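Some notes on the structure that comes next.
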Amino acid sequence: ILICCVFFLGGLMAGCSPKMRYELYRAEDPELNIALEYPAGWLVQEHKDEKAGYTNVLFIDNDTTKKFRPMIVVMVKKISSLKDPSMTPRAFGGAIVRTRMKMAPAKILEERKTTIAGIPAVQTAVTYQAMERLHAAGNQAILAKETMAVFKKDDVFYVLRFDAGLKDHALYEKAFRHAVRTLRFLH
Numbered sequence: 103i104l105i106c107c108v109f110f111l112g113g114l115m116a117g118c119s120p121k122m123r124y125e126l127y128r129a130e131d132p133e134l135n136i137a138l139e140y141p142a143g144w145l146v147q148e149h150k151d152e153k154a155g156y157t158n159v160l161f162i163d164n165d166t167t168k169k170f171r172p173m174i175v176v177m178v179k180k181i182s183s184l185k186d187p188s189m190t191p192r193a194f195g196g197a198i199v200r201t202r203m204k205m206a207p208a209k210i211l212e213e214r215k216t217t218i219a220g221i222p223a224v225q226t227a228v229t230y231q232a233m234e235r236l237h238a239a240g241n242q243a244i245l246a247k248e249t250m251a252v253f254k255k256d257d258v259f260y261v262l263r264f265d266a267g268l269k270d271h272a273l274y275e276k277a278f279r280h281a282v283r284t285l286r287f288l289h
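Whatever position you read off the sequence shown (first residue = 1), add 102 for my numbering.
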């Protein structure tokens, strides 16, 4: 199973402060198999795509006026369903980074080892050009920064990604670290 947490954080959250409030999420779909804390007030939606072979949960900032709306996505996919099931976490993360490098201008800022839920992980930070709103007329490009951590547990890849507009990334980095720190497996 591959789990991918995507953190899109683009504008300021209403009431965003050093004492940000969080809510606990516990997966309803057993394939997700996680619990974590996410910023309070965000919408939560679980989704399954049998054809594409993944299950995900989206945490979306409720403020629809924001251009690059904050969003956390946790996607789950079995490693055995990948074209190369022998892929390492670093290789899988590298494949994601290569897709970001196509969004010029793009730059790899950092790659380092870390741990998540006691499991060794590889963390990468990149900047790339993204669209400020998905599927919107008059869409403009915005420079984004993404921090991504990848690790493997049993037959599962976990990819935690946090995206924000470059100027807002530091404002939400604490929320990303909190979500990562509180990530737990349900069984």
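In this text, a Cβ means the ideal position worked out from N, Cα and C, and glycines have one as well. This structure is a prediction, so every number in the text was calculated from the model and none was measured.
Euclidean distance between Cα positions of residue i and residue j
i	j	result
Ala281	Ile136	11 Å
Tyr156	Val178	5 Å
Thr249	His149	23 Å
Asp151	Val159	11 Å
Leu111	Arg214	Here Leu111 scores only 41 on pLDDT, less than 50, and its place in the model is too uncertain to base an answer on.
Gln301	Ala246	The chain is shown only over 103 to 289; residue 301 falls outside these bounds and no answer can be derived.
Val258	Ala193	14 Å
Glu133	Ala154	15 Å
Leu285	Lys254	14 Å
Lys121	Phe278	14 Å
Gly201	Leu184	Looking at the sequence shown, residue 201 is not Gly but Thr. Going by the C-alpha atoms only, they are around 17 Å apart.
Val146	Leu138	12 Å
Asn241	Arg263	23 Å
Asp163	Ser188	36 Å
Asp131	Phe287	13 Å
Tyr124	Tyr140	5 Å
Lys180	Asp165	33 Å
Arg283	Thr226	17 Å
Lys269	Ile221	31 Å
Ala116	Leu273	Residue placement at Ala116 is poorly supported in this model, since its pLDDT is 38, which falls under 50; the coordinates still yield a value, given next. Roughly 12 Å separates the two Cα atoms.
Ala88	His289	Residue 88 lies beyond the range of the chain shown here (103 to 289); nothing can be said about it.
Val108	Ala206	Per-residue confidence for Val108 stands at a pLDDT of 49, beneath the threshold of 50, marking its modelled position as unreliable; the derived number appears in the next sentence. Using only the alpha carbons, I get a separation of about 20 Å.
Ala198	Asp256	Sequence check: residue 198 is Ile here, not Ala. Near 21 Å, if we compare the C-alpha coordinates of Asp256 and Ile198.
Ser182	Leu126	30 Å
Val176	Phe161	9 Å
Glu212	Trp144	29 Å
Exposure label - residue i; buried when at least 16 CB within 10 Å
i	result
Ile174	buried
His271	buried
Ala142	exposed
Asp186	exposed
Lys168	buried
Ala129	buried
Thr216	exposed
Met203	exposed
Per DSSP, the bridge partner or partners of residue i
i	result
Thr157	Lys150 and Val178
Arg128	Ala137
Leu145	Ile162
Contact belief for residue i with residue j at Cβ below 8 Å, rounded distance in angstroms
i	j	result
Ile244	Val228	That pair is no contact at about 14 Å.
Gly195	Val261	7 Å
Glu234	Phe170	5 Å
Ala251	Ile218	6 Å
Pro172	Val224	Their Cβ separation, rounded to whole angstroms, is 24 Å, which puts Pro172 and Val224 out of contact at 8 Å.
message = Extract the residue ranges of the alpha helix (DSSP H) inside the region 210-286, only unbroken runs of 4 or more that lie entirely within it.
response = 271-284
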